[in-house]
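Just below is one structure, and these are the notes that go with it.
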Amino acid sequence: DYAKTKLEGENMVKKSGLEYCIIHPSIMYGPTDDKNIGYLIEFAKKLPCFPIPGHGKWPRQPIYIDDVCHLIISIMRNFPGNRVYGINGKDVIYFRDMIKIVLNQLDGFKFRLFLPVSLFKFLMMAYQKLCGEVQFTSDQVDSLTAKEVFPDYPWWAEFDIDITSFEDGVKKMLEFD
């Protein structure tokens, strides 16, 4: 299990006796992202509507890749030994609102189609069967519909980093395209 091996590796680093600084990023996104937000953008470009499982009120705190890079540079310049940081975007944003921002940035009229979670999962399984390997699977619906909010710690203030808003990050991704 991926999460288990990450935790085991982190514990090994902590017990090593070496100074460490570990970052746990939330959903990262940016110009060459073909998985998370990048996948959602490409998916939205292909369809006249964007299907959303359930009510879509699952909080997220995506972080733009440039902000992560600025953090890493800051850590390298002034190493805060033996620290673990959960890093995230500054604003909590619902998945449904993330999609609304993406659709507003794209040309042409698009709308969000809210579907019951069970129907959404069924449609994703059917899509997988028809198309073979897909980037977003029915199994990932469970992680999508889980709450993902980080503790309220303003890490960006500690490292003097101006956080990119989700809307500005999406604009940058589309400009890069």
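Just so you know, we're using the numbering used here here: the sequence shown kicks off at 31 and counts up by one. Heads up, the beta-carbon is just placed ideally off N, CA and C, and yes, glycines get one too. Fair warning: this is a prediction, and the values are worked out from it, not measured in the lab.
Runs of alpha helix (DSSP H) wholly within the segment 81-123 (minimum 4 residues, chain order): 95-107
Sequence ranges, beta strand (DSSP E) only - wholly within the segment 136-180, length at least 3: 141-145
Residue 90 burial status per 10 Å Cβ neighbour count (16 or more: buried): buried
Collapsed DSSP secondary structure at residue 52 in the structure displayed: strand
Nearest-angstrom beta carbon gap, residue 68 and residue 154 [assumed within contact, 8 Å]: Going by Cβ atoms, the distance from residue 154 to residue 68 rounds to 19 Å, so no, they are not a contact pair.
Of the listed residues 149, 196, 36, 44, nearest to residue 112 (C-alpha basis): 44
Continuous alpha helix (DSSP H) stretch holding residue 41: start and end: 32-45
Buried versus exposed, by CB contacts within 10 Å (16 or more), residue 206: exposed
Coil, strand or helix - residue 183 by DSSP: coil
Burial state of residue 94, where buried means 16 or more other Cβ atoms lie within 10 Å: buried
Cutoff 7 Å; reference residue 118; Cβ partners in own chain excluding five residues on either side: 56, 91, 93, 180
Cα-Cα separation, residue 184 to residue 194: 14 Å
Distance between beta carbons of residue 80 and residue 131, contact taken as under 8 Å: That belief does not hold up - the Cβ atoms of residue 131 and residue 80 are roughly 11 Å apart, past 8 Å.
CB contact flag (residue 71, residue 115, <8 Å): no
Residue range of the unbroken alpha helix (DSSP H) whose run includes residue 196: 196-206
Contact check, residue 98 vs residue 58, beta carbons under 8 Å: yes
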